[in-house]
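Read the structure below first, then the notes.
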Amino acid sequence: MMREIKFRGKCAETGQWVYGSYVDYPVPMINDMEEFIEVVPETIGQFTGRVETNCRGVYEGDIVEVFDTRDDLHFKGEVVFENCSFAIRGRLVTHYRWMDYEVTHIGNVHDNPELLGENA
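Numbering (numbering that gives the first Met the number 0), first residue to last: 0 to 119.
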């Protein structure tokens, strides 16, 4: 089964999040299946294929909290794409096997950068 390929970005005009297909011509845009919407390039993030505990899709740039009682893990970090994989970059380490963990969306780096403060 293939995962769904979709993106999100902040509308350049309204600042609202829009979701759909990414198009990079002539400016970055998201096609939400009704129209093409210009987005702020720095806010574009790809869907990871993962849904978090509250049934919300997880995208690059999201800040998530991880609880794993089996491995006694509790941390928060930013969802990133690096080394050909989606990962969670925490304050001390990057977790690549995070698909095994239960994650909860707590914000994103564009709207809530303070969530990655010193206690991340």
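The C-beta atom is built at its ideal place from N, Cα and C for all residues, glycine as well. Just so it is clear, the structure is predicted and the values come from calculations on it, not from any experiment.
Asked, Found
"Which of helix, strand or coil DSSP assigns to T52", "coil"
"Buried versus exposed, by CB contacts within 10 Å (16 or more), R7", "buried"
"C-alpha gap between N107 and E77, whole angstroms", "8 angstroms"
"Cα-Cα separation, F46 to V57", "6 angstroms"
"beta-carbon I105 near the ligand NAD non-hydrogen atom, thresh 7 angstroms", "Ligands are entirely absent from the displayed structure, and the ligand NAD is therefore not among its contents."
"Beta-bridge pairing of Q45 - partner residues as DSSP gives them", "F6"
"Contact set for G44: own chain, Cβ-Cβ below 6 angstroms, skip 5 residues either direction", "R7, Y58, E59 and G60"
"Span separating the alpha-carbon of E41 from that of P25", "16 angstroms"
"Cut-off 8 angstroms between Cβ atoms - residues of its own chain near V22, not counting five sequence neighbours on either side", "M28, I29, N30 and F35"
"Local Cβ density within 10 Å of H104, reported as buried at 16 or more and exposed below that", "buried"
"Residues of its chain near R49, where Cβ-Cβ distance is below 6 angstroms and the 5 sequence neighbours each way are ignored", "V57"
"Unbroken beta strand (DSSP E) run spanning A86, endpoints", "S84 to R88"
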